[in-house]
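*Asks:* Here the UniProt record's numbering is used: the first residue of the sequence shown is 1, the next is one more, and so on.
Glycine included, C-beta positions come from ideal geometry on N, C-alpha and C.
As the structure is a computational prediction, the values presented were derived from the model and not from experiment.
Mind having a look at this structure? Questions to follow.
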Amino acid sequence: MKNFVEELRWRGMLAQIMPGTEELLQKEMVSAYLGTDPTADSLHIGHLCGIMMLRHLQRCGHKPYLLVGGATGMIGDPSGKSQERNLLDAETLYHNQEAIKKQVSKFLDFDGNEPNKAEMVNNYDWMKDFTFLDFARLVGKHITVNYMMAKDSVKKRLNGEARDGLSFTEFTYQLLQGYDFLYQYEKYGVKLQLGGNDQWGNMTTGTELIRRTLGSEAEAYCLTCPLITKADGKKFGKTESGNIWLDRNRTTPYAFYQFWLNVSDDDAEKYIKIFTSLEKDVIDSLIEEHRQDPGRRLLQYRLAEEVTRMVHSQEDLDMAIAASNILFGKSTKENLLQLDEQTFTDVFKDVPHYEVSKDVLGQPAVDVFNQEGMQIFPSKSEMRKLVKGGGVALNKEKLAAFDQPVTVDDLIDGKYLLVQKGKKNYSLIIVK
1 MKNFVEELRW RGMLAQIMPG TEELLQKEMV SAYLGTDPTA DSLHIGHLCG IMMLRHLQRC
61 GHKPYLLVGG ATGMIGDPSG KSQERNLLDA ETLYHNQEAI KKQVSKFLDF DGNEPNKAEM
121 VNNYDWMKDF TFLDFARLVG KHITVNYMMA KDSVKKRLNG EARDGLSFTE FTYQLLQGYD
181 FLYQYEKYGV KLQLGGNDQW GNMTTGTELI RRTLGSEAEA YCLTCPLITK ADGKKFGKTE
241 SGNIWLDRNR TTPYAFYQFW LNVSDDDAEK YIKIFTSLEK DVIDSLIEEH RQDPGRRLLQ
301 YRLAEEVTRM VHSQEDLDMA IAASNILFGK STKENLLQLD EQTFTDVFKD VPHYEVSKDV
361 LGQPAVDVFN QEGMQIFPSK SEMRKLVKGG GVALNKEKLA AFDQPVTVDD LIDGKYLLVQ
421 KGKKNYSLII VK
């Protein structure tokens, strides 16, 4: 059995760990849980480090529990978020839970017969009928306000770093999270909580609640991973267009692949350890090879391949690579037609876009591509010269003549014309 803590340590996935945790993990099969927020029906790559921790945990012979925070997700927590979350109805909550389980099933084995098969639980199931009076009597009496106020996450909100201060619901979040740990400790034998380092205060409240409720002999532990950042200090996983989601309908496999492909060299060295299951010797040799010739971007390619395959599939990875080659390599009209519309628009989102009326169809290419407002060619005469020299393509096929008619049959997905001038100069015409 692999040493779980050592596995996290060399991968750069270990921030804080309570004394005795490593010894416990080497002594027995340990049940451990990690909480996730079900306010959307997809995880994004900001969640991936935690999910990879559970993956390594299971591979090291221990039992992972993924806790969907149906109850706590409704009220928010004080760890740096400025807005409280919206109340979800039960139907939405369970829809999101099932969608998340489907995604996480690619990382964890929920269906095996092994004693360490993964489990998914939802704290809404044990909180929904828990009355306020019972909560105050069974949980509140064990933790002092002084103890709660000493937490960094609470102090920051009370010191005015957040515009709106700290509401009572958020203040009690650490008690709710602490009770999750206590409940699972008693019902499932969960002894370890995993999480991001910003959750350390809430997590240790759980171990304290277990100790004060069940006695000092009750063993409960915490382990956190660092908050992932980019080499430039900016937040990991965010782009100008928002989160990078695991759901293909929110972020296409092509855009997902491109995100990893475009990380910096320093980040690639860090991320390949955190976000893949590649062994240490493989990663060390990849890093060494990359450093000898960074221009080949060997690390970025391998990182993008591994993560895209794991989150999506080999087929999606193949499409993402093919889509990438359309812009930067040799490809054909057939390659274009194989892309779904969302991937097609993702590939060409940064090229100049022009709109024309469908009335232009049937006219010569030289007229269609030189409509008023278009800047694809300096002039019609320049386009004629380029066509003669074989330098203009429509949908990846060279124009045979400048007066070649552009017809409805040329449209991709019924509305796009891709014009290419030279090797890498693209424009997209949208026919409406």
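1) Can you give me the C-alpha to C-alpha distance between residue 82 and residue 175, rounded to a whole angstrom?
2) Quick one: using the 10 Å Cβ neighbour count with 16 as the cut-off for buried, is residue 282 buried or exposed?
3) For the segment 164-226, which segments carrying the alpha helix (DSSP H) assignment without a break, of at least 4 residues, lie completely within its bounds, in sequence order?
4) According to DSSP, what are the bridge partners of residue 245?
5) Taking all protein chains shown into account, do 16 or more other C-beta atoms lie within 10 angstroms of the C-beta of residue 52, making it buried, or fewer, making it exposed?
6) Using a Cβ-Cβ cutoff of less than 7 Å, which residues in the same chain neighbour residue 323 once the five nearest sequence positions on both sides are dropped?
7) By Cβ distance, which residues of its chain are closer than 6 Å to residue 14, with the 5 residues on each side in sequence left out?
8) Roughly how many whole angstroms lie between the Cα atoms of residue 80 and residue 204?
9) Am I right that residue 219 and residue 34 are in contact with their C-beta atoms under 8 Å? What's the rounded C-beta distance?
10) Please classify residue 294: does DSSP put it in a helix, a strand, or coil?
11) Examine the Cβ distances between the segment 192-207 and the segment 229-245 and report whether three or more of them are shorter than 8 Å.
12) Helix or strand or just coil, what does DSSP make of residue 21?
13) What residue from 209, 277, 117 has the CA that sits closest to residue 222's CA?
14) Could you have a look at residue 80 and say whether DSSP puts it in helix, strand or coil?
15) Looking at the unbroken beta strand (DSSP E) that takes in residue 30, where does it start and where does it end?
16) What's the C-alpha gap between residue 420 and residue 313?
17) Cβ atoms of residue 56 and residue 30: under 7 Å apart, would you say?
18) Taking C-alpha atoms, which residue in 122, 64, 359 lies nearest to residue 71?
19) Look up residue 153 in the DSSP assignment and say whether it is helix, strand or coil.
20) Spell out the partners DSSP gives residue 430 in its beta bridges.
21) Just how far apart, CA to CA, sit residue 399 and residue 306?
22) Report all residues from its chain with a CB closer than 7 Å to the CB of residue 455; omit the five preceding and five following residues, and keep chain order.
23) Between which two residues does the beta strand (DSSP E) containing residue 64 stretch?
24) Excluding the five sequence neighbours on either side, which residues of its own chain have a C-beta within less than 6 Å of the C-beta of residue 353, listed in chain order?
25) Rank 27, 431, 284, 171 by C-alpha distance to the C-alpha of residue 360 and give the top, closest one.
26) Taking the C-alpha atoms as reference points, what is the distance between residue 140 and residue 110?
27) Nearest to residue 402 by CA position, among 150, 364, 20, 47, is which residue?
28) Quick check: the Cα distance between residue 39 and residue 271, rounded to an integer number of angstroms?
29) Excluding the five sequence neighbours on either side, which residues of its own chain have a C-beta within less than 6 Å of the C-beta of residue 96, listed in chain order?
30) Looking at C-alpha atoms only, which residue of 407, 376, 381 is the closest neighbour of residue 422?
31) For the alpha helix (DSSP H) containing residue 3, name the first residue and the last one.
*Replies:* Reading off the structure:
1) In this predicted model, residue 82 has a pLDDT of only 45, less than 50, meaning its place in the structure is not dependable; the value taken from the coordinates is given anyway. The C-alpha of residue 82 lies about 20 Å from the C-alpha of residue 175.
2) exposed
3) 168-171, 173-188, 200-214
4) 44
5) buried
6) Answer for residue 323: 254, 339, 343, 347, listed in chain order.
7) 8
8) Caution is warranted here: a pLDDT of 49 is assigned to residue 80, below 50, making its placement in the model unreliable, and the coordinate value is therefore given only provisionally. Approximately 18 Å between the Cα atoms of the pair.
9) At roughly 19 Å, the Cβ-Cβ gap does not stay under 8 Å, so residue 219 and residue 34 are not in contact.
10) Here residue 294 sits in helix by DSSP.
11) no
12) helix
13) Ranking the options by Cα distance to residue 222, first place goes to 209.
14) The predicted position of residue 80 is uncertain, since its pLDDT is 49 and thus under 50; a value taken from the coordinates is nonetheless stated next. Reduced to three states, the DSSP call for residue 80 is coil.
15) Element bounds for residue 30: n/a, residue is neither H nor E.
16) 31 Å
17) Not closer than 7 Å, so no.
18) 122
19) helix
20) 355, 416
21) As the crow flies, the alpha-carbon of residue 399 is around 39 Å from that of residue 306.
22) Residue numbering for the chain in the displayed model covers 1 to 432; residue 455 lies beyond these limits and cannot be assessed.
23) 63-68
24) 428
25) 431
26) When rounded, the distance between both Cα atoms is 34 Å.
27) 364
28) 26 Å
29) Within the same chain, residue 96 has close Cβ partners 38, 41.
30) 376
31) Premise fails: residue 3 is in no alpha helix (DSSP H) and is neither H nor E.
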